[in-house]
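Here the UniProt record's numbering is used: position 22 in the sequence shown is 22, and no number is missing along the way. Note that beta-carbon positions come from the ideal geometry of N, C-alpha and C, so glycine has one too. It should be emphasised that the depicted structure is a prediction, and the values quoted were computed from it without experimental measurement.
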Amino acid sequence: MAFACEPESAKDLKPVGKTRLSVWFWDVYDAQLLTDSGNYDDYQRRALRLSYLRDIKAKDLVDTTKEEWQRLDVTVSNEHTQWLDKLNKMWPDVSEGDCLMLVENEQGHSTFYNAEGVLGSVESAQFTEDFLAIWLSPNSRFKEERNELIGATQ
Numbered sequence: 001m002a003f004a005c006e007p008e009s010a011k012d013l014k015p016v017g018k019t020r021l022s023v024w025f026w027d028v029y030d031a032q033l034l035t036d037s038g039n040y041d042d043y044q045r046r047a048l049r050l051s052y053l054r055d056i057k058a059k060d061l062v063d064t065t066k067e068e069w070q071r072l073d074v075t076v077s078n079e080h081t082q083w084l085d086k087l088n089k090m091w092p093d094v095s096e097g098d099c100l101m102l103v104e105n106e107q108g109h110s111t112f113y114n115a116e117g118v119l120g121s122v123e124s125a126q127f128t129e130d131f132l133a134i135w136l137s138p139n140s141r142f143k144e145e146r147n148e149l150i151g152a153t154q
């Protein structure tokens, strides 16, 4: 399955950090951040790979995205609502062993992939910033995991 989430558009990206998200006693997913430089502080493009360790409905993934934005004080505008609707149509339910990957292009837009290939794109740098903030913001709910992702804890 390692090959499954290796889209061509991410072949030149280098690992920055990785972590496992566990909530209570459930392992939810393994996450890996990649950038074109292999560094969190200096990059042009990023990618985030989530390898799921349990079954999760697509609707729950989208609902959690909205909840995390609200936690981060991201104003969920009409545009955000349109993005969430797009994710609802784009993302499949995930099962243990599945992966989803966001790859950022030079314009800052996001394309999502799974083992089958491209799921769809959101052509907005603001979406990419807000979406990745769930994991990368200093205010992220999971501080230790964030630090592991950005390579701050080695």
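Separation of residue j from residue i, as counted between CA atoms
i: G38; j: V16; result: 5 Å
i: N139; j: R45; result: 22 Å
i: Q70; j: K57; result: 20 Å
i: L13; j: F127; result: 20 Å
i: C5; j: G120; result: 14 Å
i: E8; j: E116; result: 13 Å
i: D36; j: E96; result: 28 Å
i: E79; j: L72; result: 17 Å
i: E123; j: E129; result: 12 Å
i: C99; j: A152; result: 24 Å
i: V118; j: L21; result: 24 Å
i: K66; j: K59; result: 11 Å
i: W24; j: E104; result: 31 Å
i: I150; j: F142; result: 12 Å
i: A10; j: L61; result: 23 Å
i: L53; j: F131; result: 21 Å
i: S51; j: L33; result: 12 Å
Residue i, DSSP secondary structure in three states
i: N88; result: helix
i: S22; result: strand
i: K14; result: strand
i: T75; result: coil
i: E106; result: coil
i: R49; result: strand
i: D42; result: coil
i: S9; result: helix
i: N112; result: The question names Asn, but residue 112 is Phe in the sequence shown. F112: strand per DSSP, three-state reduction.
Whole-Å CB distance - residue i paired with residue j, under 8 Å assumed
i: M90; j: L48; result: M90 to L48, Cβ: 15 Å. No contact.
i: H109; j: A125; result: 7 Å
i: D30; j: V94; result: With 8 Å as the limit, D30 and V94 do not qualify as a contact, their Cβ atoms being about 13 Å apart.
Status (buried if at least 16 other CB within 10 Å, exposed otherwise) for residue i
i: D42; result: exposed
i: W26; result: exposed
i: T19; result: buried
Interface flag, residue i vs chain D, CB-CB below 8 Å
i: V103; result: Reference to chain D is not applicable here, since this structure consists of a single protein chain.
Heavy atom of the ligand GDP within 7 Å of residue i beta-carbon
i: E8; result: As far as ligands go, the structure on display features none, and thus does not contain the ligand GDP.
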